[in-house]
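2 protein chains.
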Amino acid sequence: MTTPAQASETTYSVLAAQRSYLDRGSRSTQIADIVRTCILDGAFKPGSRLSEPEICTALGVSRNTLREAFKSLVEERLVVHELNRGVFVRVPTPADVTELYSCRRVIECAAVRGLDGNSTDLDTLHAALDDADTHAAQQDWTGVGNADIAFHKSIAALNNSTRLDRLMNDVWNELRLVFHVMDDPHTFHQPYLERNHAIYDLVMHGQHEAAERMLSDYLSDAEQQILAAYSPAVRT
Amino acid sequence: MTTPAQASETTYSVLAAQRSYLDRGSRSTQIADIVRTCILDGAFKPGSRLSEPEICTALGVSRNTLREAFKSLVEERLVVHELNRGVFVRVPTPADVTELYSCRRVIECAAVRGLDGNSTDLDTLHAALDDADTHAAQQDWTGVGNADIAFHKSIAALNNSTRLDRLMNDVWNELRLVFHVMDDPHTFHQPYLERNHAIYDLVMHGQHEAAERMLSDYLSDAEQQILAAYSPAVRT
DNA sequence: GCATATTTGTCCGTATGTATA
DNA sequence: CTATACATACGGACAAATATG
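Quick look at the structure:
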């Protein structure tokens, strides 16, 4: 397993490749976007400290601007800010995993239960399933994972609430942090593919209670599988 | 009704009274706390612009520190940040009200449905009801309002999720913004007091489905009442 | 346990671009 | 259109806290 390590000097070279994005929005939000993708892609590993001076020089921005960007990431729970010690990439605990799946259960199940007859917005669900099938045929497991995430994000989006969508977005970002700590996340999503199909079929046929039950079981199984495979780095 | 106005110079005098709080946490979070309470208390009205230089001088902090504080408030949706124009206290739209009540419905209803037999955490619910009764006897309607909020926050807290709690906290802060735009929010919560009692009794007797139905109706009625009384300031 | 070096927290001055009167 | 006010961003400075030897 990969133990969270101090980010070395050369680690920040990945930032240079992101500098081309510097042409839209305010500087601090641009910087936040760059650092966020670096964290989500695993370039900055959970537990590592993000050095202000090094990132500033790597991105060519002042410390003030970087600190503004950090504020957003703290709010998204991707990094933690320890006073006079700096910011660290968050290391989710098993309790975090449990909570994240509680959020998913509450929001996703509410979405399928709240559906009435008019099934207009279900096209995105179908598209995500097709996407997953395509990637699975090519044995592209990260592609399957992204499609799985898109499918369940689309379920949550049926609540028609941008606030819940934003929460789910943060939840999935945190789960990507969890996957980075896990041993082998590559094939994690694959076995759940046909259960997604089953849930979709039940929803399409108006069997909302059955769909909700199946979704709830799905989430419980996934949660347990993650907790079993989860050996978090101790950094308390 | 109170039309959202530009915050005049003298408006920032309310900040001086908050300066005594400057002794815990980091500066930017302290500043964020002060400005947040000023917004929630109505000292900074929805739609008004928050001038950087004036607040800086009023609070005796630098622009960098204030801008860091603003970042948090933007994330909480209490203020909006328009590029190169500054930050404004948010003016919730009717669509926002609808969405906020969608969030409440999803999260609060999930909480009462998810209850099993062991009713250990229901003491906070009872305490909030007692509190509301006390304030109602004294005709202290803002006290009743706070107790009403505490009661429903406690319901949401039964989900045992700090992330959902934080979302609900932001939701309630936004609703306080809504109340500041409304004509007469003072007695808004009072008629819902006995419905809270009824919901509590149903939960206590294990009648979760009935409690959920009553809670859902409660939320629909409150939403409609707010939308009817809501004359939002046009600031598009 | 102490002294030093590093890093953070905060503030200031200033230049540039943008929006508004 | 000009002028003013303001937000954006940079760089430098210093104190305080932390980490390191």
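Chains as they are written, first to last, in the numbering used here: chain A, 1 to 236; chain B, 1001 to 1236.
Quick reminder that beta carbons are idealized off the backbone N, C-alpha and C, glycines included.
The model shown is predicted, which means the values in this text are computed figures rather than measured ones.
| query | Comparing the C-beta of S48/A with each C-beta of chain B, is any distance below 8 Å? | reply | False, the Cβ-Cβ gap to chain B never drops below 8 Å.
| request: Could you work out which residues of chain B lie near R67/A, taking near to mean beta carbons separated by less than 7 Å? | output: Neighbours of R67/A on chain B, chain order: E1068.
| said: Please state whether the Cβ-Cβ distance between A1132/B and V1144/B is less than 8 Å. | reply: The Cβ-Cβ distance between A1132/B and V1144/B falls below 8 Å.
| field | Identity of the residue in D41/A, L227/A, T124/A and T29/A nearest V61/A by Cα | value | Answer by Cα proximity: T29/A.
| query | Looking at the structure shown, is L50/A part of a helix, part of a strand, or coil, going by DSSP? | reply | In this structure, L50/A counts as strand in the three-state DSSP scheme.
| Across which residues does DSSP place H81/A in a beta bridge pair? | V87/A, per the DSSP bridge assignment.
| request: Let me know the secondary structure DSSP gives Q18/A once reduced to three states. | output: Note that Q18/A has pLDDT 48, beneath the 50 cutoff, so the model's placement of it is unreliable and the number below is only indicative. In the structure shown, Q18/A sits in coil (DSSP, three-state: anything other than H, G, I, E or B).
| task | Give the DSSP-derived three-state secondary structure of D305/A in the structure shown. | result | There is no way to answer for residue 305/A, as the model of chain A reaches only from 1 to 236.
| task | Output, in chain order, the set of chain A residues within a Cβ distance shorter than 7 Å of A1110/B. | result | Those are V106 and A110, listed as they occur along chain A.
| Is the CB of N146/A under 8 Å away from at least one CB in chain B? | With 8 Å as the cut-off, N146/A does not count as an interface residue toward chain B.
| Contact belief for K107/A with V178/A at Cβ below 8 Å, rounded distance in angstroms | Before going further, note that residue 107/A is Ile rather than Lys in the sequence given. That pair is no contact at about 18 Å.
| request: Could you round the C-beta distance between A1150/B and M1168/B to whole angstroms and report it? I think they count as a contact, below 8 Å. | output: About 12 Å separates the CB atoms of A1150/B and M1168/B; that is not less than 8 Å, and the two are not in contact.
| For M1168/B, which three-state DSSP category applies? | If DSSP states are grouped into helix, strand and coil, M1168/B belongs with the helices.
| query | I think D96/A touches E174/A, with their Cβ atoms under 8 Å apart; what is that distance to the nearest whole Å? | reply | Indeed, because the Cβ distance is near 7 Å, the residues count as touching under 8 Å.
| said: Excluding the 5 residues flanking R1077/B on each side, which residues of the same chain have their C-beta closer than 7 Å to its C-beta? | reply: Cβ within range, chain order: R1090, D1170 and E1174.
| said: To be precise: take each residue of the region 146-168 of chain A, compare its Cβ to all Cβ atoms of chain B, and keep it if any distance is under 8 Å. Which residues remain? | reply: Listed by position along the chain: N159, N160, S161, T162, R163, L164 and L167.
| message | Can you list, in chain order, the residues of its chain with a C-beta nearer than 7 Å to that of A276/A? Leave out the 5 residues immediately preceding and following it. | response | Only positions 1 to 236 of chain A appear in the structure, and residue 276/A is not among them; the question remains open.
| Proximity test, Cβ basis, 8 Å: N1064/B and chain A | Yes, because at least one Cβ of chain A sits closer than 8 Å to the Cβ of N1064/B.
| request: Can you grab the Cα-Cα spacing for the pair H1081/B / S1051/B, in whole Å? | output: So the two alpha carbons sit approximately 12 Å from each other.
| Closest residue to D116/A among T187/A, L158/A, H180/A and P53/A (Cα-Cα distance) | The shortest Cα separation from D116/A among T187/A, L158/A, H180/A and P53/A belongs to L158/A.
| query | By Cβ distance, which residues of its chain are closer than 7 Å to A32/A, with the 5 residues on each side in sequence left out? | reply | Around A32/A: A69, S72 and L73.
| request: Can you give me, in chain order, the residues of the region 1078-1108 of chain B that have a beta carbon less than 7 Å from any beta carbon in chain A? | output: Using a CB distance below 7 Å, the part of the region 1078-1108 of chain B facing chain A consists of L1083, E1099, S1102, C1103, V1106 and I1107, ordered along the chain.
| If you draw a straight line from the alpha carbon of G1238/B to that of V1079/B, how long is it in whole angstroms? | Because chain B spans 1001 through 1236 in this model, residue 1238/B falls outside it and cannot be assessed.
| message | Is the separation between the beta-carbon of A210/A and that of L219/A shorter than 8 Å? | response | Going by C-beta atoms, A210/A is not nearer than 8 Å to L219/A.
| Are the C-beta atoms of K45/A and some chain B residue less than 8 Å apart? | By this cut-off, K45/A is not an interface position.
| message | Which residues in chain A have a C-beta closer than 7 Å to the C-beta of E1075/B? List them in chain order. | response | Those within 7 Å of E1075/B in chain A are S72 and E75.
| Test item: CB-CB of K1045/B and H1180/B under 8 Å | Yes; because the gap between Cβ atoms is below 8 Å, this pair is in contact.
| message | My assumption, with CB atoms under 8 Å, is that L215/A sits in contact with C109/A. Please give the rounded CB distance. | response | About 6 Å; that satisfies the 8 Å criterion.
| When we look at the beta-carbon of L1100/B and count the other beta-carbons within 10 Å, is it buried (16 or more) or exposed? | Answer is buried; the Cβ neighbour count reaches 16.
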